[in-house]
Every structure is written in C-alpha cells, then in structure tokens.
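J.:
Number of protein chains: 2
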Amino acid sequence: MKKHYKEEPWSIVEEGFHPEMQMSSESIFSLGNGRMGQRANFEEGYSGETLQGNYIAGVYYPDKTRVGWWKNGYPEYFAKVLNAANWIIIQPEIEGEKLDLATAQVSNFRRELDMRAGTLKRVFTAKLKNGAELDVESIRFMSMADDETAAIKYTIKSRNYSGKLKIAAAIDGDIVNQDSNYDEKFWAEVSKQTWAHGSELTMKTKKLDFHVSTAQQIVLTKNGDELDLSSVEASTEKYVENVFDISIAQGDEIAVLKYASNVSSLNYSLSELSSKSIEAASRAKEIGFNEMLQRHAENWRNRWANNDIIIEGDVAAQQAIRFNIFQLSQTYTGADDRLNIGPKGFTGEKYGGSTYWDTEAYCLPFYMLTAGNDVAKKLLLYRYKQLDKAIQNAGKLGFTDGAALYPMVTMNGEECHNEWEITFEEIHRNGAIAFAIKNYIDHSGDQNYLKEGGLEVLLGISRFWAQRVNWSKLREKYVMLGVTGPNEYENNVNNNWYTNYIAKWTLEYTRDAAKACMSDDRFWSDFVAKTNFKEDELSTWSDISSKMYQPKLDGTNIFLQQDGFLDKVDLTVDDLPASERPINQNWSWDRILRSIFIKQADVLQGMYFFEDHFDEATIRDNFLYYEPRTVHESSLSPCVHAVLASKLGMDEKAYEMYLRTARLDLDDYNHEADEGLHITSMAGTWMAVVEGFGGKRVVDGRLSFSPRLPKEWDSFKFSILYRESTVVLEVDQDKVKISNQSGESMAVDVYGTTYEIAGRDSVDVNRKR
Amino acid sequence: MKKHYKEEPWSIVEEGFHPEMQMSSESIFSLGNGRMGQRANFEEGYSGETLQGNYIAGVYYPDKTRVGWWKNGYPEYFAKVLNAANWIIIQPEIEGEKLDLATAQVSNFRRELDMRAGTLKRVFTAKLKNGAELDVESIRFMSMADDETAAIKYTIKSRNYSGKLKIAAAIDGDIVNQDSNYDEKFWAEVSKQTWAHGSELTMKTKKLDFHVSTAQQIVLTKNGDELDLSSVEASTEKYVENVFDISIAQGDEIAVLKYASNVSSLNYSLSELSSKSIEAASRAKEIGFNEMLQRHAENWRNRWANNDIIIEGDVAAQQAIRFNIFQLSQTYTGADDRLNIGPKGFTGEKYGGSTYWDTEAYCLPFYMLTAGNDVAKKLLLYRYKQLDKAIQNAGKLGFTDGAALYPMVTMNGEECHNEWEITFEEIHRNGAIAFAIKNYIDHSGDQNYLKEGGLEVLLGISRFWAQRVNWSKLREKYVMLGVTGPNEYENNVNNNWYTNYIAKWTLEYTRDAAKACMSDDRFWSDFVAKTNFKEDELSTWSDISSKMYQPKLDGTNIFLQQDGFLDKVDLTVDDLPASERPINQNWSWDRILRSIFIKQADVLQGMYFFEDHFDEATIRDNFLYYEPRTVHESSLSPCVHAVLASKLGMDEKAYEMYLRTARLDLDDYNHEADEGLHITSMAGTWMAVVEGFGGKRVVDGRLSFSPRLPKEWDSFKFSILYRESTVVLEVDQDKVKISNQSGESMAVDVYGTTYEIAGRDSVDVNRKR
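Protein sequence lines, in the order shown, are assigned to chains A and B.
Counted from 1, the first sequence has number 45 at position 45 by this note's numbering; the numbering is strictly sequential.
Counted from 1, the second sequence has number 1674 at position 674 by this note's numbering; the numbering is strictly sequential.
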C-alpha cells in the first residue's frame, strides 16, 4: 500500500516528478466524458516508461485468440479495448532539442485532478540540456457538455531563453495496443488533411471497419495576444501535424490552445466523418477555452449536486469516495444505450470487452440512484437488445428452445472470452442479469418494464436454468454440475450454492412475473406467439425450484460453497504468510483451486442479494464462516463484505472493507494501478457507503435506512434518487436526518420504524449505536 | 470409416490417383528410421492439397504461447515438432512446364508401402499440358542401416516426347510449420554450397539454436548408363539446387538417384556439420542404391524376425498389425536415449512435444518384448535423467523436499503444455512412470535397476503423492482434490479413483523397493545422502496408502470414477445419436464435462494395470459398468478394453476393440489421418494381440499365457523376448503351442498350468474355448 497522493477533499494531487510512478499516475489522473477518455499521458513526448491510452467508447478490436488448445464453442475473438489516435500531442522544441521530461531537469512538478470541475492541471519547470529553462503549465479536459470535444491549454514561459521556439501540434494514429497478441497494429489510415491552424486524421480499424476521425484546431497566444502565425503543415502515414516557429524572448509566455475532437462511425456516416470532426473542433474553438471550460464545469456541478457523498472527519475516505464517483461518472453517462461500463473504463486496456456481470451486480445501483431510472433502464435495455445473441450463445453450447446464456464478456452481445471454466461455466452471470430486473423494478416501481422486455429476458434465462440442471437419482434433487461461481478460485465444481440459489430464485421470479403479465391479454398473446411460451414451463420451473439441491453444513446455518468443500484443508487467511499474498501472484493455479481460500464473495454474494430471504443469524453465521477464508483478490469483493458487516453491526470490519475498496487504486493495494483503474468496483465503494453505512434498502416498496457511523467519521451525507424524488441522508454522532426534497409526502423507514415525511420536509431520528 | 487401401498382408497399396485422399495418404505412407522421418510427399512439386513434413528426431521449436489468459506456473513455450528442410525434391520440367500431378493428366497411379523391406514405391503416367507423356517410378527409403542417410530412385520414361528434359534436384529450407501460432518461420539459413553433382544446406532454428545440415549427391543414368552431365548450380535464400539439362528421345529412360543425408547439432559440433552431412551423402552414393537398399532391407528382416505377428484367415487384421509394428519400429529404435516416442512420430505436427505418459503406459511393453530390455531401459533412463527437471517442475507448483512431477508433455524434461487442467492436474502420469519401473523389473528380472535410478525416481514421485493428498476431516481419509484422470472428459475432479489408486500403489511399491535396497549399505548411505531421505517417510507413506479414499458404488464392486459421478444423468453410448459423435467434435466442452461419457479407459486403466489386485468378478462388474459409457475418443482407449475383454472371455467385444485400434488410421475412424498417424496407440494394438488374445502376463516371475482366438481368425502367432530368450506363441483352432527358442529350460504357464519347457523345445496345450 502506497500513500503517494496528497489527501484533499476535492482533488488528487501529486507533488514532485516521480517517473517510477508515472504509469500508475497516468491511470489515476485519467479523464473521460462517457464518449471518449484517456490516460494522463504528457502532451509533450516522453521517452520514459509510459502507457499511451486514448479510447473511444464502443470502438473495439476483435483480436484472434485461436492459439494453442482449442475447445468447441470458444469464440473466435477477444474484443479488445482499442488504443486510438493520440490527439494530445503538443511538442515544444528549442534549438533542435525536444522537451522530454525523461531527459530534461525537472523541478516544481505538480499535477492536480480537480474532481469538482473535471480538469487535469500540470505545472513544471524544465531545464533542457541546451540550458533553456521553461515554466510549463498544461490544463485539459474532455467536455462533458459537448462529448465530441476536448481542449488543452498549454502554456510555456521562458525563464532564460530568447530565440526560436518550435511547437508541433500533432495527431498520431500510428499507435500500438499494449494488449495485442501478435504485435500487430490495429489501425489503418483512411484520409488526412492539414490546414494553416489545424489538421484532421481519419483512421479505421483493420477489422470491423470502425472509423474514427480526429481533428485539431490550434490557436497561439503570446503574452495573452493571439498570434497570427501560419504553421508548416506536415503529414506522414497515420500522422498529421502543424508546426509553428515562434520567436520568444526571456519572460515571454506562449500559450497553445488545442481544440480537439473525436467522432466515430458509430454516430456518423463514413462520408461525413471528416467534416463532422473538423466541425466539432471548430465549434470548440469558436466557443473558446474559457467558455468551454465553464460549460464543462457546470455539467459537473449538476452531477455532484446529485451524486456527491460528504464525509466529515476523514479526508482519506472523503477523497476516495469522490474519486470513485468521479471515475464512474466520466466512464458512463447513459447518453448512449449501445455503451456499457468496462472494468477499466477509459484508463487501460486490461480485460478487453466492455460488459461483465459487474454492470448488473455492482454498477446498476449507483447509476440508478444517482443518475435515475432512465439511465438504469438503458443498462437493462442493453441486455434486452442482445437477447437474440444470448440465445445464439446458449445454442452454441447445446441449449435449445429459446434458452439464453448471456456472455461473460461482450462488446456487442457475442461472447468474447475464452477460458472454458469461465466462458462455459461461470453462468451465474445470467442470474445477476435477472436480479437486476428485479432490482430496477423494486426501486423504480416500473412494473411495466416486464412487458417492455424484462419478461422476455427472464424467460430466456429461466429456460437456460431449466435445461442446465439435471435430476440426480442419488440425491433426489435437481443438481447443477460443472459451474464456476463468483469465487473464480474454484472451477468446474458441482452445486455451487450461489448459482443454484440464484437459478432457483430466477425460476420463481420469472414464474411470478409471467403470472402477473398474463392478465394483459394483448401483451400475453403476443408474448406467447413471439417466445413460443408453453404454460407447462411454469410447472417445470416450480418443480425445479422446489427441489433444487442446496449444499449445507449439517447441523448449522452455513451453506456450503459447493460439493466437496469440506474435503479441503481448513485454514483461514491468518494462516497465510504475507509473502504468499496475493495468492494469485504466488501460487500455481491448481494449488489455488485446491485451497479453501475464496477470491471474492460467493455464498456471501447470495446473502447480499437475497438478504431478505434469510434471518440475521443465518447471515451472521455465514459471514463468520466465509469472511476469514476470503482473500479479496477481486476488486468486487470487499464492498459486499462491507455492506454485510455494516448490517451485522461489525463496524470495524465494515470500515476496513470500505477503505480497501475505496482507496484500492489511490493506494494501489494490488500493485496494478499502472495498468488502469478498477472502475466497476468503484460502484461497490458507493454501495458500501449507501447500502453499508447508510443501510439503504427497499422494503415493501419503501425506502429504508439503518445507518451506522464508523468511529473514524464525524458525519456523512448523501442523496439518492428514489422514484424521481431526491432523498438526502445525513448521519452524525447523534442523529440521522432524512430530507425529502420532492414536493410529495413520502414514507421512509429508519431503523425499522416508518416515518411519513412531507414534501420538502425532513425527519430527525436518534442514531443507533 | 473408409476402406481406401488394398488389404495385403505385407503392404499398403493405393490404386488410382486420389487427390482428396492425398493428405491422409501422406500420413499412411510415411517413412522413418528413428533418426529422421517424413510424410509421403511427392518428389516433384504438387500444387494440390498437401502437408509437407520432414522431421529430425530431437529437433523442436519452443513456440511462445503467452496469449490471452495466463496462469501462474504455465510454461512459457510449447515444444513443437519442427518441419525441417524438404530434401526429396526432384522436379522434372519439359518445355517450361513442370511436372505437377495437380495439373497433369494422371493415369496408372499406384503406390505401395512395402513393410517387409521398408520402402515406398510410386508409379504413374502423367500427360503434361504440352502433350508430353511420361511414365514415372519413384522408390525411396530412409536407411535403417545408416540412419543419417536416405535414397530415392526416380525414373522417368518418355512415352512420346523427344527433346530437352530439365531435372532440378533441390533442398528447400524455406518451409513453414503448419503448427505455428504466429505464421512465423522457424528456420534461418546458416550456410549452403553447391557443386557439380550435389549441394548442401545448413539451417538453424531461430530459437534453441538447433543446426541441421542436409546434403544431396545426384547420379543420373540414361537407359541404365551413368550420364556424365554437370548441373547448373543455383541457390537462393534457404534453397539449393542442381539443375540438369538432358536430351531424351521417345522411349528413353532417365533415372535420378538422389543420395541424401540429414545430420544435426545433437550429434556433431557446428563446425563439422556441413562436412559430416556431405560425407554421409557421399558415403551413400559410394555404396550405391542397390547395396544400400539391401542393407536397409536386411535390417528390417532382422526386426521382423523378432517382432512380427502372423494372423491367418483375416488379412485386414494381418495387414493392420504389421502396419502398427512397422510404424512403431521406424519411429523409435532405441539408438539414442535422448529420444522418445512422439504421439504422431514422424507423420505430422500435432501434439508437439515428444513425450507423453503414452510411452510408459502403452509403448514400453512393445519395445521391451520385441526390442529387448536394453531398449526398454533406455526409455526408463530418459525419465531418470530428467528427474531434476521433474523436481523443479513440482517446485513451480509449490511442492518441496524433492517431490517430482513429471511433465505432461516434454522434449527435454521441461513441461511445455499449457492447459491448467492438464498441466497441473493430470498428475496420474506420475503414476504411470512409477508403474513402468515395476513393469520393466517384472519382465527383465533386473532388480538392480532400482539402484541405477529406479528408486530415486520412485522416491521423487512418492514424495509428490504424499504432499499432493490431504487429510479430509469429513471422511477421515486421505483425499486427492483437483485432478484430471486419464478420462480427460472430466477436469478438476476430486478423488479420481484411478489417480488415488495408482498413488496408493506407488507409495507401497516405493516403500517395499526402499526396504529391499536398504541392505546394500553402500548404496543406501549414498542414496540417503543424495536424496536427503528420512526413514519416517516410509511410515508416512504407509499411513497414507492405508487410509487413501477410494470412491465406490455402495453395495457393489464398482469403483466410482470420481466424487459426484452418480449425480450425472445416467446414459450409455447407445443413447447418443450418431450425428453427435464424436462428441468432442459436436459438443461444447462444458456439456462433455457434465455428461457421463468417458473419453478413454479410466477406472478400467486401473483394472488393466492392477489386474492381479482384483478378483475377476470385480473386473467384470467394472468393465460392464464402464464399457457402455466409454466413447473411445482417445486412440489409447480401445486397446485397454480389448485386453480386458479378452481376459473376461468377451471375444466379440475384444475383436471389435482390436479392429478399432488396429485399423484406426488405415480406415480413418476418427477422420483425422490427414494430420498424422496415432503412433503411440499402435503399441496398444500390439498389446491387444499379445496381452489380449495371447493373454500374456508375468506371474510370479514366470511368463503366462491364456490365449483366446477370435472366431474371425484361423490362427495367430507371435514371438516375444523374455529375459533374453525368444518365446513363440502359436494359437490355432485346436491348440496352443509355446516354443522356447533359448538354450535353457524355462517354466511357462498356459491357462494357469505351469509347464517346464526345455531349451529349443516346445509344448502343445489344447486351446480353451
């Protein structure tokens, strides 16, 4: 664990130049606006260790994976996040020497991610080998208000040099993907153009034919006055630039204003792509840097008004939760229902494809309760639109009659992951997608969503479960063989309790949902015709769910993670030497599989989802059994434990788990921030505060809170959107305050007691210890 | 199943030109001599579908495999069989048109593999587009008498053409591997030279620096008289050739005699490599084609004298067993203890690395009983020499204190397979390596081998088993979690009966072997010092073996393949639609894993190895349970079932299984002969005759036979080497005859009765029905 960044409530600050931290800082200081994003690479060239990253949402590359041992049913490709053209390049040069922080003497280095305004600022002084000393300040952002555009203001002040300063503003499309199996480049040039103050480059991906056009418009000022300089226009393959020759004297300040745009064939026809990107860059230039920044900051202000969480008395926790919310907000905005939330967002290439079960299991609550039901519904519709492909996917594995298996990893509905134990067996993902429908309906009250697609998705998933189980004569129960549960440190096990349970639940929920929809004759006849639904499916589901095998430890409340779990050597995490952790970096796979150690919440994931199905003693017993055996080597694990620990009143454990999830990347717990941030687990951090410390639930259609205040905090406060109303929870040492910001009266439970809160009113309740 | 080749007792004959069968025939007609081998590619260029293949034993390529998802402990490379320089090229050309059977009109095509003499002969008439008609005959062999050399006699007779005939004799090193993940070429040129009647090319592998030098010496005759023609010498990168311009008239017969050699850096220093290969080619030329062929055929005659199996009344069975013996004999000769037996021998690239557990479990008996104890011992020493690497390999998986895990696939002792469920979990291979030591000692009587390395290997393996099991509190037994048994259609299962049993057996055998060696004080003290052996290891092993869990079906004799086996849907192979077989080409992996269907003998492999541990009722019950559930989708499966069926008197099942293993490639049961032959399973065919129909066993140090005669056969006869004596078994309708060809008296059991047979005498016993 490293404490590298200054703890500030609203910003992340790095002081001093730390090349050894550059890769991690590039991740931490990433920017995005839902449509595009980038790592915090330097504008000027950097010959030190760096991972270039410019990403366009929805643009990916299907890299071939057919290497080595193959299995029937594997996908032909792995969808890779695509590193796109590098548009930030601003390269100062003096007397033939390019500014490069790896070779210059650097001082006064500082960078700051201002989370309130969504900007990245960097200042430094560089002394070149030729003796020239420059003060540089760069500030940039990707506009949230106009998501095709971005801007950089790059200011150079000469401390001691007088003479020629050359500045190249470039777009470089000749980039490589770090995650390329074959060291192949994924982009080909389509067209390019340059003009006096700008240039444009259109590239296309070698497969799938995604086109992206990137443009820049450049304005130069000297000591605040705009320079009327023409550039030398230059281009080589996949590269365009405008080079300006400027005379400067000691003390002069040159500012380069770069207005940039990225547009893609997802949104425009190929013929208009270049003109649209030039148009966007020109639009930005016309608005001007300051006004553009103001509109961007305004957009962020509105977001923070809805989704900020205020923690007093613990600046590390305050900074962390804002960092998590900031990253989530700039990764997915809900503006485009073809997009989803990639595990690394716009901060790195790892994990490729964009959509995992993370979306439904972890991210949905955050977007639903901060951005609202419309955004949440877009995430649901994303899956509904891919139902046909999920049915095809199940078909590849031998399932029939409309059974649907959603992919483990996808960009467009097709599976693109190829480890058999995951691709074919980690099928609990289907359950999370069903659960998200329930979760959305519970929160939104939008029962009608069942008819808008929800029931079809539930049907496909239930048909899958009904075919995936088999009757065990031995047990006289339905069993589910050969699965991988959320705990991926067990593969191809029989009767993973969590998977069996969520399958059983899906069947019951689908049955009830179907029955609820039947009374709408017109809907129902269409539905039956479209899906070829047969009424006896209902009784099949009831039969399976009532006879589903659920492994349990005899004489206890403890559900067994899977068959054979008790054959393992019984150890707890305390028995593990520190030198062997994380075990996934120190143990061979077979040893991990044989061991009792649990990667992430598995039985406890079930306790979390279905908390209302179990009494507190059962949840407690399972928590006390599994928590000590869980190594939390998935970023998705501590948040679930944090929520459960809060529920059980284990405040210290909850706080420990909260910090672990909240500052995972800032403090780089797992030594991997360099490869990008854990975006989806950041939603888990939010969950740990809202559902954990806040104890937020929905009970019988009512919001409910059971707040716990960690002893490290003076108070905390958050607001959520519930059925179109904003509700604010404030918790301090003494009391819990619930404010209903809507115009209508609302019933809210606090610690199990229901309070009717009038519109624009609030209620105070004594805090429970 | 195809019946493409004529059934002849001593040869494989293809009549007519069948381009659609060319790839398969290239495999079937493969030649080799233990040191090098090749597919039956045409000498002249062929633009139709073909898989070029020239292989040098022991020369491989470590192709990178680090693609996609990685697991700790995986090897960095996969050792690939390397396609080496193509040295057979003889290219006739008339008036600018090259002879190419894909473009010429072909008639009278016939090829014959003469298994008695080890030659491949091909004749055809080709009419070129320009009208020239040629009768061509090619005969070639790779010398068994001088394994660095090979020769081709390629005869062209003009039927209608008079004029210039151009003949290029070439060596082409610019070849590709079919099995290349990255479409990369694996060879680089080192040097080359040409002279009037020959040329030489030295290539090296881009990794590991294997050098191979290939040379040719060319002699031309016209109507039987040697031509004194100089060639045009030519070379390009990785390519050398001698081109001869010959005047021919209608009716003239030109013969090209090509004497070739391959030598490698395995046997010579780099500086002498070129000269050694030229020397070898020149040596061949000096001896001359006819004499060279005679010495080669003589070598084969001697081999057949020891290893032939004669079957009367069933020419398909006769041809098949000889084909199997022929291929085994030309794949491995025992001349070099660094070599081993690859699953495809010299007939294709699939499966890469050379050594699997196939060697110990299937191949050892054939070589031991036909080539003798010295050759068998070389196979054992191969593993002994790799013990250090096996200990390192176990170390990578977290095992300590001298525990050894032999690799699943290897060229040099290092693991080079990377599927976790195989690499890390298919650990029963360790047991087969231990069992081979017992098998060798039982047959040879060479108890001393324990002290020559056997005990060290046993110790390493036993230490592995002792660490690999764990104590299950639940069962109060030792269990073995997370393994893959011989039936690879189950992965990561707990308590595979076969693996548990062979582990238990290894521990007991090692304990007894150690006790037997202890009395040799000098050996023992050296052994203890070298291996750091502790006496309490013996009691640990006894404890584990006495408390090893062995899953069993309650109230029966049936051992359960693994925990949870009875949860599966109970089906037999008869329930499988023909269209879904083989299931490995039609079902997704998860479906295969969940199903009850068994790829290859698993519990029955244990019944086969440890037949003497079980009464016949137990073997029968297990056979009757597992045989109907076995799909035999491994070539290693039917032979084991054949042996057991013979033992149980199920003659029809035994015969069915025999034919399936014996004619697997000739009749191409699995539609994959095009990619090479199943060399290691050919030893299983031999086993099916000798141990199956012959009922050969070793009982209390005596040879024992219990022959069964399939009703399709009139008689069969084979000889084996037992403790340096040749023993011949002849079985006909009425009697069983055992001949002792040694000078000493010998006790042999027939149907359970012991007969003392004097030297050079025989005994007749009535055949049991």
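Where is the CB? At the ideal position from N, CA and C, for every residue including glycine.
Just so you know, these numbers come straight off a predicted model, no measurement behind them.
Measuring alpha carbon to alpha carbon, tell me which of Ala1102(B), Gly1743(B), Thr1333(B) and Glu1237(B) ends up nearest Arg1035(B).
T.: For the purposes of this step, residue 1035(B) is taken as residue 35 along the second sequence, with counting starting at 1. Here the closest residue by C-alpha is Thr1333(B).
J.: Smallest Cα separation from Ile88(A): which of Val136(A), Leu99(A), Tyr154(A) and Thr119(A)?
T.: Translated into positions along the first sequence, residue 88(A) becomes position 88. The shortest C-alpha separation from Ile88(A) is found at Tyr154(A).
J.: Have a look at Ser1025(B) and Ala84(A) and give me their C-alpha separation to the nearest angstrom.
T.: Numbered from its first residue, the second sequence carries residue 1025(B) at position 25. Numbered from its first residue, the first sequence carries residue 84(A) at position 84. Taking the straight line joining both Cα atoms gives about 49 Å.
J.: If we count the other Cβ atoms within 10 Å of its Cβ and call it buried at 16 or more, is Gln585(A) buried or exposed?
T.: As a first step, residue 585(A) must be located in the first sequence, where it is residue number 585. Classification of Gln585(A): exposed, given that the 10 Å Cβ count is below 16.
J.: Give a yes or no on whether the minimum CB-CB distance between Ser546(A) and chain B is below 8 Å.
T.: The count along the first sequence starts at 1 and reaches residue 546(A) at position 546. Cβ-Cβ to chain B under 8 Å: no for Ser546(A).
J.: Report yes if the C-beta distance between Ser265(A) and Arg723(A) is below 8 Å; otherwise report no.
T.: Residue 265(A) sits at position 265 when you count from the first residue of the first sequence. Residue 723(A) sits at position 723 when you count from the first residue of the first sequence. Contact: no.
J.: Residues of the segment 1393–1414 of chain B in Cβ contact with chain A at a cutoff of 8 Å, in chain order, please.
T.: Result list: Lys1396, Leu1397 and Gly1398.
J.: Let me confirm a value: Leu604(A) is counted as buried when at least 16 other C-beta atoms fall within 10 Å, else exposed. Which label applies?
T.: For the purposes of this step, residue 604(A) is identified with residue 604 of the first sequence, where counting begins at 1. By the neighbour-count rule (16 or more Cβ atoms within 10 Å), Leu604(A) is buried.
J.: Could you tell me if Gly1743(B) is buried or exposed, where buried requires 16 or more neighbouring beta carbons within 10 angstroms of its beta carbon?
T.: Your numbering for residue 1743(B) matches position 743 in the second sequence. Answer is exposed; the Cβ neighbour count stays below 16.
J.: Quick check on the DSSP output: what are the complete beta strand (DSSP E) runs of length 3 or more inside the segment 1179–1259 of chain B, in order along the chain?
T.: Segments of the beta strand (DSSP E) lying fully in the segment 1179–1259 of chain B: 1187–1195, 1198–1205, 1211–1222, 1232–1236 and 1239–1248.
J.: Following the continuous beta strand (DSSP E) through Ala1284(B), name the residue where it begins and the one where it ends.
T.: Taking the first residue of the second sequence as 1, we reach residue 1284(B) at position 284. From DSSP, Ala1284(B) is part of no beta strand (DSSP E) but of the alpha helix (DSSP H) over Leu1273 to Ile1287.
J.: Pull up the distance between the alpha-carbon of Ser180(A) and that of Asp63(A), whole angstroms please.
T.: The count along the first sequence starts at 1 and reaches residue 180(A) at position 180. The count along the first sequence starts at 1 and reaches residue 63(A) at position 63. One C-alpha to the other measures close to 7 Å.
J.: Output, in chain order, the set of chain B residues within a Cβ distance shorter than 8 Å of Asn496(A).
T.: Numbered from its first residue, the first sequence carries residue 496(A) at position 496. Simply none; closest approach about 13 Å.
J.: Within 8 Å, do at least three Cβ pairs link the segment 1100–1107 of chain B to the segment 1434–1452 of chain B?
T.: Taking 8 Å as the limit for Cβ pairs, the verdict is that the segment 1100–1107 of chain B does not touch the segment 1434–1452 of chain B.
J.: By a C-beta neighbour count over all protein chains shown, 10 Å radius and 16 as the cutoff for buried, is Gln447(A) buried or exposed?
T.: As a working mapping, residue 447(A) is identified with position 447 in the first sequence. Under this definition Gln447(A) is an exposed residue.
J.: Look at the alpha carbon of Phe109(A) and the alpha carbon of Val13(A), and state the distance between them as a whole number of angstroms.
T.: Walking along the first sequence from the start, residue 109(A) turns up at place 109. Walking along the first sequence from the start, residue 13(A) turns up at place 13. C-alpha separation (whole angstroms): 11 Å.
J.: Quick check: Phe1855(B) and Ala1151(B), are their CB atoms within less than 8 Å of each other?
T.: Chain B is shown only over 1001 to 1769; residue 1855(B) falls outside these bounds and no answer can be derived.
J.: In terms of residue numbering, what span does the alpha helix (DSSP H) encompassing Val1013(B) cover?
T.: Start at 1 with the first residue of the second sequence, and residue 1013(B) comes out as number 13. Premise fails: Val1013(B) lies in the beta strand (DSSP E), Ser1011 to Glu1015, not in any alpha helix (DSSP H).
J.: Tell me, please, whether the CB atom of Leu1481(B) is closer than 8 Å to any CB atom in chain A?
T.: Indexing the second sequence from 1 puts residue 1481(B) at position 481. Yes, contact with chain A.
J.: Leaving out the 5 sequence neighbours to the left and right, which residues in its chain are closer than 6 Å to Glu1360(B) when beta-carbon positions are compared?
T.: Mapped onto the second sequence, residue 1360(B) falls at position 360. Result list for Glu1360(B): Ala1432, Ile1433 and Ala1436, in chain order.
J.: Give every residue of the same chain whose Cβ lies closer than 6 Å to the Cβ of Arg122(A), excluding the five residues on either side of it in the sequence, and list them in chain order.
T.: On the first sequence, residue 122(A) is found 122 positions in, with the first residue counted as 1. The residues are Arg111 and Ser138.
J.: Using DSSP with H/G/I as helix, E/B as strand and the rest coil, what is Tyr478(A)?
T.: Residue 478(A) sits at position 478 when you count from the first residue of the first sequence. Three-state result, Tyr478(A): strand.
J.: At the level of alpha carbons, what is the spacing between Phe1740(B) and Lys1711(B)?
T.: As a working mapping, residue 1740(B) is identified with position 740 in the second sequence. As a working mapping, residue 1711(B) is identified with position 711 in the second sequence. Note on residue identity: the sequence assigns Asn, not Phe, to residue 1740(B). Their Cα atoms are separated by approximately 27 Å.
J.: Can you name the residues of chain B whose CB is closer than 9 Å to the CB of Trp357(A)?
T.: As a working mapping, residue 357(A) is identified with position 357 in the first sequence. Going along chain B, no residue has its Cβ under 9 Å from Trp357(A), so there is no contact; the nearest lies around 17 Å.
J.: What residue range is occupied by the uninterrupted beta strand (DSSP E) comprising Glu133(A)?
T.: If you number the first sequence from 1, residue 133(A) lands on position 133. Looking at the DSSP string, the run of the beta strand (DSSP E) that includes Glu133(A) is Glu133 to Met142.
J.: Could you have a look at Pro1062(B) and say whether DSSP puts it in helix, strand or coil?
T.: Residue 1062(B) sits at position 62 when you count from the first residue of the second sequence. In this structure, Pro1062(B) counts as strand in the three-state DSSP scheme.
J.: Got a sec: which bits of the segment 550–564 of chain A sit with their beta carbon under 9 Å from any beta carbon on chain B, in order along the chain?
T.: The residues in question are Asp563 and Gly564.
J.: Could you check the C-alpha separation between Leu328(A) and Cys363(A) for me, to the nearest Å?
T.: Locating residue 328(A) in the first sequence gives position 328, counting from the first residue. Locating residue 363(A) in the first sequence gives position 363, counting from the first residue. Rounded to the nearest angstrom, the two C-alpha atoms are 9 Å apart.
J.: Count the other CB atoms, across all protein chains shown, that sit within 10 Å of the CB of Trp1195(B); report buried if there are 16 or more and exposed otherwise.
T.: On the second sequence, position 195 is the one that residue 1195(B) refers to. Exposed is the call here.
J.: Which term fits Leu560(A), buried or exposed, when burial requires 16 or more other beta carbons within 10 angstroms of its beta carbon?
T.: As a working note, residue 560(A) is residue 560 in the first sequence. It is buried - the Cβ of Leu560(A) has at least 16 other Cβ atoms within 10 Å.
J.: Where does Met1607(B) sit, in a helix, a strand or coil, going by DSSP?
T.: The sequence position of residue 1607(B) within the second sequence is 607, counting from 1. Three-state result, Met1607(B): helix.
J.: Applying the criterion that 16 or more other CB atoms from any shown protein chain within 10 Å of the CB defines a buried residue, is Glu1015(B) buried or exposed?
T.: Walking along the second sequence from the start, residue 1015(B) turns up at place 15. Result: exposed.
J.: Taking only beta-carbon atoms, is Glu744(A) less than 8 Å away from chain B?
T.: The count along the first sequence starts at 1 and reaches residue 744(A) at position 744. For Glu744(A), the answer is no, since every Cβ of chain B falls outside 8 Å of its Cβ.
J.: DSSP three-state call for Ser1265(B): helix, strand or coil?
T.: As a first step, residue 1265(B) is located in the second sequence; it is residue number 265 there, counting from the start. It is coil, neither helix nor strand.
J.: At the 8 Å Cβ level, is Trp465(A) part of the contact set with chain B, yes or no?
T.: Taking the first residue of the first sequence as position 1, residue 465(A) is located at position 465. Taking Cβ atoms only, chain B never reaches closer than 8 Å to Trp465(A), which makes this a no.
J.: What's the gap between the Cα of Gln22(A) and the Cα of Val690(A)?
T.: To locate residue 22(A), count along the first sequence from 1; it is residue 22. To locate residue 690(A), count along the first sequence from 1; it is residue 690. If I take the Cα positions, the gap works out to 33 Å.
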